[in-house]
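Remarks on the structure that follows.
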Amino acid sequence: MTDQSVSQGSLASARVALLAPVARRAEAVVLPIAALLAGFLVFSLFLLIQGKSPTDFFYLVYRAGFGTAFSWQNTLSRTAPLLFAALCVALPARLGLVVIGGEGAIVLGGVATGALGAAMLGSSGIVALPLMALAGAVVGAAWIGAVGAMRYFRGVNETIASLLMAYIAISIMNHLVEGPLRDPSNPNKPSTLSLTDELRIGDIPGWDVHWGLAAGLICCVLTWVLIERTTWGFAARITGGNIRAAQVQGLPVGWLILGFTALGGAFAGLAGFFEVTAVHGSANSSLAAGFGYTGILIAFLARHNALAIIPVAILLAGFEASSGLIQRRMDLPDATMLVLQGFVFIAILLSDTFYGRFKAFAPERWSTSP
Amino acid sequence: MPMKPLSRRGFLHGSAAAVGAASLGSLPFQAQADGHGLTVGFIYVGPKDDFGYNQAHAEGAAAVAMMDGVTVVEEENVAETVDVQNSMESMINFDGASLLFPTSFGYFDPHILEVAPNHPDVRFQHAAGLWSADMHPMNVGSYFGYIGMGQYLNGITAGHATTSKKLGFVAAIPIPQVLLNINSFLLGARQVDPEITCQVIFTGSWSNAVREAEATNALADAGCDVITCHVDGPKVVIETAAGRGSYVCGYHADQTSLAPDLYLTGAEWNWANVYTGMVQTALDGGTIPNFVRGGLTDEFIKMSPLGPAVSDASRAQFEATKAEIMAGGFAAIRGPLMSNTGTQILGAGEALVETDIALESMDYLVEGVIGSTS
Amino acid sequence: MNELGLWAIPIAVLGGAIRVSTPFLFVSLGEVLTERSGRINLGLEGTLVIGAMVGYAVAYLSGSPWLGVLAAAAAGSAFGLIHGLICSLPRVNDIAIGIAMMILGTGLAFYFGKPFVQPVAPDLPSIPLGWWSSIPQVEAALNVNVLFLIGAAAAFALWWMFKTTRIGLVIRVVGDSTDAARAMGLRPAVVRTLATMAGGAFAGVGGAYLSLFYPGSWNEGISSGQGLMAVALVIFARWNPVACFGAALLFGGAGALGPSLQSVGISQGYHLFFTAPYVLTLGVLIATSSTTRAMTGAPGELSITK
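Chains as they are written, first to last, in this note's numbering: chain A, 84 to 453; chain B, 24 to 397; chain C, 37 to 342.
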């Protein structure tokens with residue numbers, strides 16, 4: 084009797100030792116996926132009430148977003164700016180800051196890229212492109228870094244400030260491309276001078292997707308390393324947990340806020356760089372295409388984890404890629420995707436309340452079971 | 024362009040149709056599964072019922088949809104980014120569209136120019152673009168209408184209606200088409216009275232309701248008693264101006280119903296005529312010319328019916344001038360003409376007739392217009 | 037220039053202030069109510085848009101603009117209720133929920149608003165308070181909408197409510213300290229949810245003003261961030277409803293500056309004039325925010341000032 088129960092006990096503890104780390108990590112994966120599915124479910128009900136078929140809807144999303152090689156290229160070609168835009172939200176979020184004005188940094192990063200490119204039209208791409216990327220990143224960093232500075236030095240709410248800054252950025256862009264930076268030979272769509280092929284970023288060989296995607300993926304991985312594997316990242320995570328505790332411990336909270344907002348802004352600026360060099364060929368009002376706002380949702384869905392941003396961005400890009408087909412086949416308005424995003428966003432935030440509620444994910448509470 | 028191992032068009036077009044026919048009987052894939060007829064795609068930058076630019080095109084699309092053997096697919100609110108490239112690809116790949124009308128100016132360069140070379144057997148028809156044989160693919164065409172002539176006629180009715188001798192113009196951004204419209208509106212009015220001036224306010228955006236309303240109010244405050252506009256959706260301007268008791272001239276589409284008593288006339292697109300013509304050419308196996316322009320004579324544009332506030336003298340001058348324009352070779356921009364910054368644009372005897380391509384790169388406001396081009 | 041000369045600018049700015057300020061006023065009053073209870077609702081931008089759509093649709097279908105205003109208020113309070121209920125759950129971030137509600141509100145408004153872009157709904161009436169003047173510009177500037185007057189009255193009523201009534205006291209206690217409120221036997225979550233609902237109703241009415249009076253039309257570009265600026269304005273107004281009224285007028289006037297400068301011929305760099313309301317809001321935030329916790333008038337439980 085006694086022997087048996089001891090061996091059963093040791094077996095159980097071995098299982099606990101094996102499963103506990105899995106369970107702890109599983110919560111961060113299972114809950115967001117459950118929330119995503121819950122958001123889909125509510126959206127399906129929304130469609131059903133109007134007599135539209137959710138199966139048709141999701142099937143069309145699958146076809147247009149992921150079902151064919153064309154769909155994948157369509158989806159991936161939208162992913163690059165979303166990766167950068169999501170990083171611009173996720174980095175400050177690790178410090179507990181909700182920055183939602185990445186759109187402004189994208190737009191001005193694009194203008195800086197276009198302006199420098201116009202000034203360097205004769206030079207070779209090897210020289211000019213890195214400088215243009217740097218210009219985009221620096222302007223983006225300064226723009227969102229300024230939001231961080233206002234927050235740190237003046238206590239200005241970063242959410243509102245960043246959004247106001249986005250409106251201001253768009254006006255500055257319009258002013259510059261219609262005024263001082265305007266290409267006189269292209270009067271109908273006010274733009275900076277068209278970049279020569281030498282100053283354009285091409286496609287990844289064999290794909291119809293530009294190099295911005297690869298750059299975005301690398302930036303996501305690097306950000307993950309920064310946050311999860313470096314002292315800076317560790318300090319940031321502590322600050323995000325409790326800013327006052329971090330200050331008491333002597334962490335450089337000010338530098339962290341400035342650094343993380345600036346880095347996020349630099350990524351958004353790079354999104355502008357790739358939009359100009361790989362898509363538009365000049366900076367113009369089309370830069371304000373709303374990537375910054377989709378980036379907010381992606382970052383929250385990914386729980387501000389830079390690696391998780393990758394699949395989430397691809398998923399949302401796929402949804403956006405299917406928006407046209409949904410409009411044409413199901414006779415649904417273009418705002419359908421916005422409604423879906425709203426439901427999913429709320430479901431994800433609602434899931435925050437369930438963290439730590441399920442015993443299955445909390446090994447330390449397993450032993451207390453009767 | 025790097026090599027593409029998968030020929031998307033060949034591979035996907037086939038597979039989409041095959042899958043559609045085999046397993047999707049109940050799903051909404053019938054459009055291309057029946058395999059014959061012409062599918063025409065229309066893409067709009069804004070909502071297609073905006074009483075303006077997009078509605079004018081959508082009315083054209085609706086006329087095309089009535090034609091036998093034609094399926095129309097539409098998308099609205101498509102941004103001038105990679106979005107529109109994907110919408111075009113999607114219409115080609117999933118709907119089998121072989122004639123596309125991406126209607127916003129900003130769709131042309133780089134987006135249509137990027138997609139068109141991959142689909143040599145699809146025709147891309149673009150509004151307002153400047154297609155040229157040495158720069159652009161042969162399967163791309165551009166078309167537009169001399170709507171400045173419509174604004175010139177608007178100006179004649181405005182010149183008769185105004186008592187303050189001040190006209191108002193709410194404009195989006197200072198690009199050649201907009202400047203031509205402003206100049207034509209004033210020059211039309213000056214045919215009635217050379218003392219008339221026209222105040223212009225730029226809103227900085229093709230669509231921003233509050234700014235359009237504020238601009239209209241600012242014009243009314245400045246004493247302008249006839250107001251017109253060039254923004255994507257004129258609804259707000261027309262309603263606000265009429266609310267202030269100003270006369271209004273319409274643009275893009277017919278806005279009579281928004282201000283029945285104060286609406287003088289309006290410069291409208293007649294895309295229904297243009298689009299059915301182009302689609303018929305495609306159905307007949309003909310070739311649509313790559314560069315098409317047309318005016319009142321060609322029924323590319325039309326005028327709204329004259330409103331009750333138009334006097335007999337106004338009506339007579341309007342009809343006479345319209346007949347002159349219809350006869351061809353008419354020039355609204357003719358010398359001697361000064362810009363509002365004091366430089367000479369045309370000397371005596373010089374003229375830019377409606378078909379002159381130089382008008383599509385206008386960068387000045389004529390003397391009498393209050394406002395600046397930057 | 038006509039006989040008014042440069043006087044045209046201040047008159048136009050005054051008229052603009054009255055015309056443009058009403059949505060700012062209603063949204064900021066709603067936000068004051070919500071924030072005084074200790075919660076922030078950033079989703080009022082979405083509520084404003086849904087209010088504009090619902091108000092226009094109901095006014096069009098029923099023929100009565102006032103029914104539209106009521107419907108907008110109802111829709112706004114429904115959104116407030118959702119926000120309030122979700123935020124009552126533990127560990128839910130009220131700022132993030134606000135952003136989500138902003139996306140959902142705008143999405144639903146655009147989704148259901150499609151068929152109402154074209155129809156013309158009846159407008160709200162206005163009162164010609166400028167009848168005494170013979171100058172048409174002044175007359176036009178003082179052509180005041182009833183909602184503006186209601187908003188002004190509401191600002192003073194709210195101020196009085198916070199100062200002297202029991203409801204006002206309850207909201208303030210809940211907003212200043214959850215623990216103190218519990219000790220008094222109050223239920224903070226319920227009070228906050230109700231305050232958020234009432235705040236949503238205000239924002240909905242602000243939206244109805246946009247679509248039913250000025251600019252008086254429903255379309256997808258109807259709001260250009262008024263809902264968000266109003267939230268910023270509340271901080272500037274130090275959570276005081278009467279100060280919100282003044283701040284709203286100031287911001288409305290700033291919005292009228294761009295067009296009125298152009299109407300006297302100043303149009304160089306017009307894009308920059310149009311940023312005046314945003315730059316002003318930001319400047320005011322920088323000037324009036326503080327890194328120390330004790331912001332005068334700030335509710336103690338408010339997440340943005342913590």
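Note that beta-carbon positions come from the ideal geometry of N, C-alpha and C, so glycine has one too.
If you're wondering where the values come from, they're calculated on a predicted model, not measured in any experiment.
Start-to-end residues for the beta strand (DSSP E) that takes in residue i
i: Pro143 of chain B; result: That residue, Pro143 of chain B, is in no beta strand (DSSP E); it is neither H nor E in DSSP.
i: Val469 of chain A; result: This structure cannot settle anything about residue 469 of chain A, because the visible part of chain A is limited to 84 through 453.
i: Thr220 of chain B; result: 220-225
i: Phe6 of chain B; result: Nothing in the structure corresponds to residue 6 of chain B, since chain B is present only between 24 and 397.
i: Gly99 of chain C; result: No beta strand (DSSP E) contains Gly99 of chain C, which DSSP labels as neither H nor E.
i: Ser162 of chain C; result: 162-164
i: Ala290 of chain B; result: 286-292
Residue i versus residue j: straight-line alpha-carbon distance, rounded
i: Glu311 of chain A; j: Asp414 of chain A; result: 45 Å
i: Ile348 of chain B; j: Met172 of chain B; result: 8 Å
i: Val395 of chain A; j: Leu61 of chain B; result: 38 Å
i: Gly246 of chain B; j: Ser326 of chain C; result: 46 Å
i: Ala243 of chain B; j: Gly143 of chain C; result: 35 Å
i: Phe341 of chain B; j: Val376 of chain B; result: 19 Å
i: Gly48 of chain B; j: Thr306 of chain A; result: Low per-residue confidence applies at Gly48 of chain B: pLDDT is 35, beneath 50, and the placement is therefore not dependable, though the value from the model is reported in the following sentence. Going by the C-alpha atoms only, they are around 47 Å apart.
i: Gly74 of chain C; j: Trp449 of chain A; result: 37 Å
i: Gly82 of chain A; j: Ile224 of chain B; result: No answer is possible for residue 82 of chain A: the residues shown for chain A start at 84 and end at 453.
i: Val271 of chain B; j: Phe249 of chain C; result: 19 Å
i: Arg98 of chain A; j: Phe317 of chain A; result: 30 Å
i: Asp139 of chain A; j: Met256 of chain A; result: 41 Å
i: Leu309 of chain A; j: Ala389 of chain A; result: 10 Å
i: Met37 of chain C; j: Ile393 of chain B; result: Legend: pLDDT at Met37 of chain C = 39, less than 50; position of this residue unreliable, value from coordinates given subsequently. Computed Cα separation, rounded: 10 Å.
i: Ala108 of chain C; j: Gln154 of chain C; result: 19 Å
Coarse secondary structure for residue i, derived from DSSP in three states
i: Ile274 of chain A; result: The identity of residue 274 of chain A in the sequence shown is Ser, whereas the question assumes Ile. Reduced to three states, the DSSP call for Ser274 of chain A is strand.
i: Glu332 of chain A; result: Reading off the sequence, residue 332 of chain A comes out as Gln, not Glu. DSSP places Gln332 of chain A in coil when its eight states are reduced to three.
i: Val249 of chain B; result: strand
i: Glu97 of chain B; result: strand
i: Phe314 of chain B; result: strand
i: His80 of chain B; result: helix
i: Ser452 of chain A; result: Here the model assigns Ser452 of chain A a pLDDT of 49, short of 50, so the residue's position is not dependable, and the following value carries that caveat. Three-state result, Ser452 of chain A: coil.
i: Thr158 of chain A; result: helix
i: Met203 of chain A; result: coil
Opening and closing residue of the alpha helix (DSSP H) in which residue i lies
i: Gly168 of chain B; result: Here Gly168 of chain B belongs to no alpha helix (DSSP H); instead the beta strand (DSSP E) covers 163-168.
Which of the residues in the segment 228-249 of chain C, read from start to end, lie with their CB under 8 Å from any CB of chain B?
Leu246
Within 9 Å of chain A by C-beta, residues of the segment 138-164 of chain C in sequence order
Met138, Ile139, Leu140, Gly141, Thr142, Gly143, Leu144, Ala145, Phe146, Tyr147, Phe148, Gly149, Lys150
Three CB pairs or more closer than 8 Å across the segment 224-231 of chain C and the segment 182-198 of chain B:
no
When you check each C-beta in the segment 119-136 of chain C against every C-beta of chain A, which residues fall closer than 7 Å?
Ile122, Leu125, Pro126, Arg127, Val128, Asn129, Ile131, Ala132, Ile133, Ile135, Ala136
Is the segment 261-277 of chain C in contact with the segment 67-76 of chain C, if contact means three or more CB pairs nearer than 8 Å?
yes
For the segment 146-160 of chain A, enumerate the residues whose C-beta is nearer than 7 Å to any C-beta of chain B, in chain order.
Ala147, Thr151, Ala152, Phe153, Asn157, Ser160
Chain C contacts from the segment 212-228 of chain B (Cβ-Cβ distance under 7 Å):
Gln222, Ile224, Phe225, Gly227
Can you pull out the residues from the segment 277-294 of chain C whose beta carbon lies closer than 9 Å to at least one beta carbon of chain A?
none
I'd like to know if the segment 363-373 of chain A and the segment 109-122 of chain A are in contact, where contact means that at least 3 CB-CB pairs between them fall below 8 Å.
no
Taking 8 Å as the cut-off, does the segment 121-128 of chain B touch the segment 179-191 of chain A (at least 3 CB pairs, one atom from each stretch)?
no
Sufficient close CB pairs (3 or more, under 8 Å) joining the segment 185-198 of chain A to the segment 347-361 of chain A
yes
So, do the segment 141-150 of chain A and the segment 401-415 of chain A have three or more beta carbon pairs nearer to each other than 8 Å?
yes
Can you pull out the residues from the segment 94-109 of chain B whose beta carbon lies closer than 9 Å to at least one beta carbon of chain A?
Val96, Glu97, Glu98, Glu99, Asn100, Val101, Ala102, Glu103, Thr104, Val105, Asp106, Gln108, Asn109
Could you say if the segment 308-325 of chain C and the segment 244-262 of chain A meet the contact criterion of at least three C-beta pairs nearer than 8 Å?
yes
Okay, do the segment 145-158 of chain A and the segment 213-225 of chain A touch, 3+ Cβ pairs below 8 Å being the bar?
no
Pairing CB atoms from the segment 152-160 of chain C with CB atoms from the segment 87-98 of chain C, are three or more of them under 8 Å?
yes
Could you list the residues in the segment 255-288 of chain B with a C-beta less than 8 Å from some C-beta on chain C, going in chain order?
Gly256, Lys258, Val259, Glu262, Thr263, Gly266, Arg267, Ser280, Leu281
Residues in the segment 111-130 of chain B having any Cβ partner in chain A nearer than 7 Å
Glu112, Ser113, Asn116, Phe117, Asp118, Phe128, Gly129
Residues of the segment 219-230 of chain A with a CB closer than 8 Å to any CB of chain B: list them in chain order, please.
none
Which residues of the segment 233-265 of chain A have a Cβ closer than 8 Å to any Cβ of chain C? Give them in chain order.
Met233, Tyr235, Phe236, Arg237, Gly238, Val239, Asn240, Thr242, Ile243, Ala244, Leu246, Leu247, Met248, Tyr250, Ile251, Ser254, Ile255, Asn257, His258, Glu261, Gly262
I'd like to know if the segment 129-149 of chain C and the segment 273-289 of chain C are in contact, where contact means that at least 3 CB-CB pairs between them fall below 8 Å.
no
Chain-ordered residues of the segment 373-387 of chain B with a beta carbon less than 9 Å from chain A
Glu383, Ser384, Met385, Asp386
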